[in-house]
Amino acid sequence: MAVYLITGAAGFIGANYVHRLLEREPDAQVVAVDYLRGAANLSNLDPVIDRISFHAEDISDFDAISALYKKYRPEYVVNFAAESHNDRAIVSPSEFMRSNALGAQVMLEASRQFPVQAHLHVSTIEVYGELATGAPFFTERSPLNAKTPYSAAKAAGDQIVRAYMSTYPEMNIRMTHCANNFGPYQSPEKLIPMSITRLLRGRKVPVYGDGLQRRDWLHVDDHCSAVHTVLHSQLGPIPAEAATDPGLLPIFDISARNEVTNLEIVGRIITHLGIDPAEAIEHVPDRPNHDRRYIIEPTKLETELGWRPRRDLAGSFADTVDWYVENRGWWESTLADKGELGFNWGARQEPSPTPA
Ligand SMILES: NC(=O)c1ccc[n+]([C@@H]2O[C@H](COP(=O)([O-])OP(=O)(O)OC[C@H]3O[C@@H](n4cnc5c(N)ncnc54)[C@H](O)[C@@H]3O)[C@@H](O)[C@H]2O)c1
Numbered sequence: 012m013a014v015y016l017i018t019g020a021a022g023f024i025g026a027n028y029v030h031r032l033l034e035r036e037p038d039a040q041v042v043a044v045d046y047l048r049g050a051a052n053l054s055n056l057d058p059v060i061d062r063i064s065f066h067a068e069d070i071s072d073f074d075a076i077s078a079l080y081k082k083y084r085p086e087y088v089v090n091f092a093a094e095s096h097n098d099r100a101i102v103s104p105s106e107f108m109r110s111n112a113l114g115a116q117v118m119l120e121a122s123r124q125f126p127v128q129a130h131l132h133v134s135t136i137e138v139y140g141e142l143a144t145g146a147p148f149f150t151e152r153s154p155l156n157a158k159t160p161y162s163a164a165k166a167a168g169d170q171i172v173r174a175y176m177s178t179y180p181e182m183n184i185r186m187t188h189c190a191n192n193f194g195p196y197q198s199p200e201k202l203i204p205m206s207i208t209r210l211l212r213g214r215k216v217p218v219y220g221d222g223l224q225r226r227d228w229l230h231v232d233d234h235c236s237a238v239h240t241v242l243h244s245q246l247g248p249i250p251a252e253a254a255t256d257p258g259l260l261p262i263f264d265i266s267a268r269n270e271v272t273n274l275e276i277v278g279r280i281i282t283h284l285g286i287d288p289a290e291a292i293e294h295v296p297d298r299p300n301h302d303r304r305y306i307i308e309p310t311k312l313e314t315e316l317g318w319r320p321r322r323d324l325a326g327s328f329a330d331t332v333d334w335y336v337e338n339r340g341w342w343e344s345t346l347a348d349k350g351e352l353g354f355n356w357g358a359r360q361e362p363s364p365t366p367a
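If you read the sequence shown in my numbering, its first letter stands for residue 12, the second for the next number, and so on.
As structure tokens, this is what we get:
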């Protein structure tokens, strides 16, 4: 019975991963960790809560995390935990550095002191920044060029992951960068659930700027299957050439090559719900420093590990809208708990207190 330690497990992707993992490996022992702030929602784990050990801990707290390693001796670690909302990061960047950079290092250090079979760090397409006009896509060889407080904190995490990979090759560390995800259990502060839940309450969707920001979209099930593939693949030793070629490090970019503008995404939701578009959208001031376009290329994952996405965009998108229609209680209680989520970038933002 394999022992998994999954962080960020009460968030969107972490919870979906725990659900899929227990379908795939019903006997797995799952230790789920989340500090239950921000986008966390413990009810995301309701369907499996009796089958896992849940711990409300902070991944940047080495003593707390190492106590879990000592107790459970995990064999596989997947670090999904991160502060993940770009808008929030603009208002309150400090907690992003703590979770996304220091938290990444604490998790690695715990896996170094209490060795595991494989440690996978989940990163994001956003560490590569914005694509230049005419550039086709990012790959594992693209330089890190993060430009927002969220993505810069993730990129800081990436750098320490790369340093541990190269310095301690026996640790069996892997890292993934994924395109934008959609699917069930995503916090209603993110574009797709925010749009659906506003429309279902008869409100308009606020579209930032012209809405022509281009993103690469993937269903969360495909992200989870890619993470599982990378976690369990037998990878060869890191070659010496990786010192100057990051394409040779155990880093894999994940995408289904679905490039769509934000306006098109909102349009698909409006069409699926059968709402009059003239009544459904309002353009609002764009957030500062908003990336215009980013797309990622999954060829390495496809050719070296044989992974393929299984969900097509149209079908999985329609399923996602239907999930929010059918699970109104889930998002209504989330909104009741956390309050209406949204930012007015036309108004001055007050900085939130910096954590100690
Ligand atoms: N959502 C996407 O489109 C996307 C795309 C690519 C990569 N990612 C990455 O996937 C991971 C999960 O993203 P998500 O969309 O599920 O985000 P999310 O915000 O829904 O979930 C993240 C979870 O991590 C928890 N967390 C944050 N800091 C923590 C800490 N210090 N200790 C313990 N728990 C902590 C939060 O409470 C939250 O429940 C992140 O690392 C993110 O960067 C997300």
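Just so you know, even glycine gets a beta-carbon here, dropped at the ideal spot from N, CA and C. Treat the numbers as computed from the prediction; the structure is a model and nothing was measured.
Residue i - DSSP class collapsed to helix/strand/coil
i, result
"GLN245", "coil"
"ASP72", "coil"
"LEU142", "coil"
"PHE148", "coil"
"HIS230", "strand"
"SER327", "helix"
"TYR83", "helix"
"ALA67", "coil"
"ASN111", "helix"
"ALA129", "strand"
"ILE60", "helix"
"SER134", "strand"
"GLU290", "helix"
"GLU270", "strand"
Boundaries (first-last residue) of the alpha helix (DSSP H) holding residue i
i, result
"ASN27", "23 to 35"
"ASN273", "273 to 284"
"ALA347", "339 to 349"
"LEU119", "114 to 124"
"LEU316", "310 to 316"
"ILE101", "97 to 102"
"ILE207", "202 to 211"
Endpoints, the beta strand (DSSP E) within which residue i is located
i, result
"MET12", "It is not in any beta strand (DSSP E) - MET12 carries neither H nor E in the DSSP assignment."
"VAL172", "VAL172 -> not in any beta strand (DSSP E); alpha helix (DSSP H) instead, spanning 160 to 178."
"PRO217", "216 to 219"
"ALA253", "No beta strand (DSSP E) holds ALA253; DSSP gives it neither H nor E."
"HIS301", "Taken as a continuous stretch (DSSP letters only), HIS301 belongs to no beta strand (DSSP E), as it is neither H nor E."
"ASP264", "262 to 265"
"PHE193", "191 to 193"
"ALA43", "40 to 44"
Distance, residue j Cα to residue i Cα
i, j, result
"ASP72", "GLU106", "13 Å"
"MET12", "GLN40", "7 Å"
"VAL29", "PRO199", "20 Å"
"ASN90", "PRO217", "32 Å"
"ASN156", "ALA163", "8 Å"
"ASP264", "LEU142", "15 Å"
"ILE60", "LEU53", "9 Å"
"PRO320", "ASN191", "14 Å"
"PRO288", "VAL336", "18 Å"
"GLU86", "PRO195", "28 Å"
"ALA367", "ILE70", "With a pLDDT of 40 at ALA367, under the threshold of 50, the modelled position of this residue cannot be trusted, and the question is left open."
"LEU16", "HIS301", "34 Å"
"ALA167", "LEU346", "31 Å"
"TYR179", "TYR305", "31 Å"
"PHE193", "SER266", "12 Å"
"ARG123", "GLU343", "42 Å"
"ARG303", "ARG84", "43 Å"
"GLU293", "GLU275", "14 Å"
"LEU119", "VAL172", "7 Å"
"ARG279", "SER327", "12 Å"
Heavy atom of ligand 1 within 8 Å of residue i beta-carbon
i, result
"GLN197", "yes"
"CYS235", "no"
"ARG109", "yes"
"GLY165", "Correcting the residue type first, residue 165 is Lys in the shown sequence and not Gly. LYS165: yes, Cβ under 8 Å from ligand 1."
"ASN52", "yes"
"ARG304", "no"
"ALA78", "no"
"ARG279", "no"
"ILE24", "yes"
"GLY140", "no"
"THR135", "yes"
"HIS130", "no"
"ASP69", "yes"
"LEU47", "yes"
"VAL172", "no"
"THR159", "no"
"VAL295", "no"
"VAL44", "yes"
Whole-number beta carbon distance between residue j and residue i, since they are thought to touch under 8 Å
i, j, result
"ALA43", "LEU56", "7 Å"
"HIS188", "ILE136", "5 Å"
"TRP228", "VAL271", "6 Å"
"HIS132", "ALA115", "6 Å"
"LEU260", "MET176", "6 Å"
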